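Protein chains: 2
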Amino acid sequence: MKVTLKDIARESGYSITTVSHALSGYGDVNENTRQHIIAIAERLGYQPNLAARHLRSKQTKTIGMVIPLTAYFSDPFFMELLSGVGRQAAEYGYDLLLSAQQPGEEELNAYRRIVASSRIDGVVVARVQRDDPRITFLKEAHHPFVVFGRSNANDYPYIDVDGRAGVHQIVLHLARLGHRRIAFVLSPPQLAFTALRYEGYCQGLAEAGLPLDTAYIVQGDLTRASGHAAAARLLALPEPPTAIVACNDSMALGAMLAIQEQKLVVGRDVAVAGFDDIPAAASANPPLTTVRQPIYDIGRQALDMLIRVIRNEPIENLHVLLVPELIVRASSGGMI
Amino acid sequence: MKVTLKDIARESGYSITTVSHALSGYGDVNENTRQHIIAIAERLGYQPNLAARHLRSKQTKTIGMVIPLTAYFSDPFFMELLSGVGRQAAEYGYDLLLSAQQPGEEELNAYRRIVASSRIDGVVVARVQRDDPRITFLKEAHHPFVVFGRSNANDYPYIDVDGRAGVHQIVLHLARLGHRRIAFVLSPPQLAFTALRYEGYCQGLAEAGLPLDTAYIVQGDLTRASGHAAAARLLALPEPPTAIVACNDSMALGAMLAIQEQKLVVGRDVAVAGFDDIPAAASANPPLTTVRQPIYDIGRQALDMLIRVIRNEPIENLHVLLVPELIVRASSGGMI
DNA sequence: ATTGACATCCAAAACGTTTTGGATTATTGT
DNA sequence: ACAATAATCCAAAACGTTTTGGATGTCAAT
């Protein structure tokens, strides 16, 4: 059924060793016999058994990613990151092993399982938390990894977008448009980027000479629903904000919905801005002002770094920090 | 470093065989020693080496999916399908092996490679073509698989959405709104569902008493750009259509853009409808009338079927055909 | 005392590959 | 002509599991 080295050996009259050497480019086999063996291998449709190969020489040619499965695991952010990573992995001839797991203990176990069972050569970690236990684990296990996002520790390779600068830009943009009451919808505090984006918010307000009012700061959980709820809360205030900045696009889109439900016009009555520039942001109604994270490219670059870590090559930049780009669209009123 | 059965054997004083039996639930080991061995395994943090396990007993506990990588492989359709499959796979304790490949010969090779190297227990095939060589290959190799979409042959398990009925509904909906010139943006002819959706288009026209005019039928390739180009072509006709139906949402969104560029109002001057109900459809501007394919659920069901195929369990329904739901939104003018 | 049944354990083979350490010729330099 | 070198090949070990086919001891039934 399945054709192995043994079959090729029998067919060609050479030993398994020689066949193996011929196929994997050793220098100690005659060029004629190499061609002969390769021809037979092709004719029989030989494909090396990867399980066996991995068992012998630790190298799986696959890289792993653990995806948190919340209600819908189709988080557009993750999907785009996955695309970039997957694309670049294909470029290097690597496949991608996905494990969808509930965040928390289950997720950490998935890492343990995958790493210890030596199924992958390296792993891409995303959506990093403060004191992220996954990173601690990977560091202790000396398993190659690269992170999208930075935590408090930084003795590991990461690539990140400067969230502080991004939100800072947005707040200034809104302030310039005349907004005085700018609300902020936070991401979960345990996520590492939350503090940075919040910093950007505070800095932006300060620079615009606006006061920091905690009534205008609401907690969300990155979902559309939480953005909706947050906006509803904000609009119910005695002095509702005239602009709402959310920590990601999904929440911003949810906020827009809430605003529209109150018969208010987004971009005129209330300005809205997000963070990420997911595909849905451009085609939203109205199109969403946001900060563009080139997630797809980040995925590709992250994989580049990972490959280098795996190959033990020197890395010129252990830390890559990208400056995001402000994308002004109708939702902030700047273009109406 | 890595803890193996041998380590547990040494630590416990039993043989490797007994340790293996204890851990994998054989009946021939004393309950006390089993507990003892399990305790040691936990203490040492034992994780079985999957490569070795697979080598011995063919079973990888991973299922595969090959994703065509076009310019951006972040096709929302695939991402959502992936979500569903991944979610359900996690439910069964399976992981997901992704391989991103250029469609065509490369893609088929990826199948060959993955299947022959026995890295996966089964595979989910999507976006099936007429006389799809991948299916032919999988059938010949007797490798478990399940397909989203049906081709001309049907001696394999598949789950599909009735595209004929879907487009039929859309055309009738538009005809009821008074449209007489309804254009159709086709998907590539080699895709199996194209013929079916086209059938639905023709049937719908016939049932509404409208003539079939080939000038109103334009070829697209499922991308937003091709939808844009198609709509531009249609609007340049001496008698442009008053409604445009696209074979998928991405093309419909592209068409909307082209219409708006001509300073026409979608839903008033020209009605637009798509197919799929991807997330971006609801948040488009205006929201897109479409036919809802429950892609996420389809992914889950497909995986259910696949698991059954892998386990060699009898399958009650070898073919599942879902009827899609018409979602009327503003882009068709029905709600303005 | 012998047999059979049972419970508990284990040595060794097998899975398909890569790698190590030669073995055998052929070729070259002296 | 002889040693040294190069070219070409291969047997066997190793990777970490699972599975096969007993081995050993105990206990009850004959």
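Line order of the protein sequences matches chains A and B. Take 1 as the starting number for the first sequence in this note's numbering and just add one per residue. Take 1001 as the starting number for the second sequence in this note's numbering and just add one per residue. We put the beta carbon where it would ideally sit given N, CA and C, even for glycine. Since this is a predicted model, take the numbers as computed values, not measurements.
Beta-bridge partners of residue i, as assigned by DSSP
| i | result |
| --- | --- |
| I1217 (chain B) | B:F1184 |
| G122 (chain A) | A:I63 |
| L1098 (chain B) | A:L96, B:M1065 |
| D1276 (chain B) | B:R1292 |
| L237 (chain A) | Its beta-bridge partners do not exist; DSSP assigns none. |
| V266 (chain A) | A:V270 |
Same chain, Cβ closer than 6 Å to residue i, five either side skipped, listed in chain order
| i | result |
| --- | --- |
| R150 (chain A) | Y158, D160 |
| Y1198 (chain B) | none |
| L322 (chain A) | V161 |
| S331 (chain A) | V266, G267, V272, P286, L288, T289 |
| V115 (chain A) | A141, H143 |
| K61 (chain A) | Y94 |
Where the beta strand (DSSP E) containing residue i begins and where it ends
| i | result |
| --- | --- |
| S297 (chain A) | Looking at the sequence provided, one finds Asp at residue 297 (chain A) rather than Ser. Run containing D297 (chain A): none in the beta strand (DSSP E); it sits in the alpha helix (DSSP H), 295-310. |
| T1290 (chain B) | 1290-1292 |
| F1148 (chain B) | 1145-1148 |
| V245 (chain A) | 243-246 |
| L1326 (chain B) | 1325-1327 |
Cα-Cα separation between residue i and residue j, rounded to whole angstroms
| i | j | result |
| --- | --- | --- |
| D1162 (chain B) | R43 (chain A) | 41 Å |
| Y1026 (chain B) | A39 (chain A) | 45 Å |
| Y1201 (chain B) | A280 (chain A) | 28 Å |
| C247 (chain A) | I182 (chain A) | 13 Å |
| L337 (chain A) | R300 (chain A) | Because chain A in this structure spans residues 1 to 336, residue 337 (chain A) falls outside the shown range and cannot be described. |
| I310 (chain A) | P144 (chain A) | 6 Å |
| V1128 (chain B) | L1138 (chain B) | 13 Å |
| T1033 (chain B) | G86 (chain A) | 45 Å |
| G333 (chain A) | Q293 (chain A) | 21 Å |
| A1192 (chain B) | A126 (chain A) | 37 Å |
| Y1111 (chain B) | D1132 (chain B) | 13 Å |
| I1315 (chain B) | A1302 (chain B) | 12 Å |
| Q59 (chain A) | A195 (chain A) | 38 Å |
| L237 (chain A) | A230 (chain A) | 11 Å |
| R134 (chain A) | V123 (chain A) | 11 Å |
| E1140 (chain B) | K1006 (chain B) | 40 Å |
| G227 (chain A) | F1275 (chain B) | 28 Å |
| L245 (chain A) | A282 (chain A) | The sequence given here has Val at residue 245 (chain A), not Leu. When rounded, the distance between both Cα atoms is 16 Å. |
| E91 (chain A) | L264 (chain A) | 48 Å |
| F1077 (chain B) | E80 (chain A) | 13 Å |
| L172 (chain A) | A1225 (chain B) | 34 Å |
| M1065 (chain B) | L82 (chain A) | 14 Å |
| P240 (chain A) | G178 (chain A) | 15 Å |
| N1049 (chain B) | T223 (chain A) | 37 Å |
| I1063 (chain B) | E1261 (chain B) | 45 Å |
| V1320 (chain B) | E1011 (chain B) | 53 Å |
| P1324 (chain B) | F1148 (chain B) | 14 Å |
| R308 (chain A) | N317 (chain A) | 11 Å |
| G104 (chain A) | I278 (chain A) | 26 Å |
| I1327 (chain B) | A1208 (chain B) | 20 Å |
Residue i: first and last residue of the uninterrupted alpha helix (DSSP H) it sits in
| i | result |
| --- | --- |
| V115 (chain A) | 105-116 |
| Q203 (chain A) | 192-208 |
| H1319 (chain B) | Segment 1319-1322 is the beta strand (DSSP E) holding H1319 (chain B); no alpha helix (DSSP H) there. |
| V1161 (chain B) | Segment 1158-1161 is the beta strand (DSSP E) holding V1161 (chain B); no alpha helix (DSSP H) there. |
| E11 (chain A) | 5-12 |
| L212 (chain A) | Per DSSP, L212 (chain A) belongs to no alpha helix (DSSP H) and is neither H nor E. |
| I1315 (chain B) | No alpha helix (DSSP H) contains I1315 (chain B), which DSSP labels as neither H nor E. |
| L1253 (chain B) | 1249-1261 |
| A1330 (chain B) | First-last for A1330 (chain B): undefined, no H or E at that position. |
| Q35 (chain A) | 31-44 |
| R56 (chain A) | 50-56 |
| R127 (chain A) | Looking at the DSSP string, R127 (chain A) is not in any alpha helix (DSSP H), and its letter there is neither H nor E. |
Cutoff 7 Å; reference residue i; Cβ partners in own chain excluding five residues on either side
| i | result |
| --- | --- |
| I1008 (chain B) | V1019, I1037, I1040, A1041, L1044, Y1046 |
| R233 (chain A) | V218 |
| V3 (chain A) | L44, G45, Y46 |
| G84 (chain A) | I295, Y296, D297, I298, G299, R300 |
Beta-carbon contacts of residue i that lie in its chain and below 8 Å, excluding the five residues immediately before and after
| i | result |
| --- | --- |
| L1212 (chain B) | C1202, L1205, A1206 |
| L1174 (chain B) | I1182, A1243, V1245, A1271, A1273, S1332 |
| L1210 (chain B) | A1175, R1180, I1182 |
| A165 (chain A) | G200, V323, P324 |
>> Under 8 Å, with one C-beta from each stretch per pair, do the region 254-272 of chain A and the region 1248-1259 of chain B reach the 3-pair mark?
In response: No, the region 254-272 of chain A does not touch the region 1248-1259 of chain B.
> If we count Cβ pairs, one from each stretch, closer than 8 Å, do we get three or more for the region 1206-1222 of chain B versus the region 1173-1190 of chain B?
Replying inline: Under the Cβ criterion (8 Å, minimum of three pairs), the region 1206-1222 of chain B counts as touching the region 1173-1190 of chain B.
> Is it a yes or a no for the region 1112-1127 of chain B touching the region 1050-1070 of chain B, going by three-plus beta-carbon pairs under 8 Å?
Replying inline: Contact holds: three or more Cβ-Cβ distances are below 8 Å.
> Just checking, does the region 1100-1112 of chain B make contact with the region 80-99 of chain A on the three C-beta pairs under 8 Å criterion?
Replying inline: Remark: three or more beta-carbon pairs, one from each stretch, lie closer than 8 Å, so the region 1100-1112 of chain B and the region 80-99 of chain A are flagged as touching.
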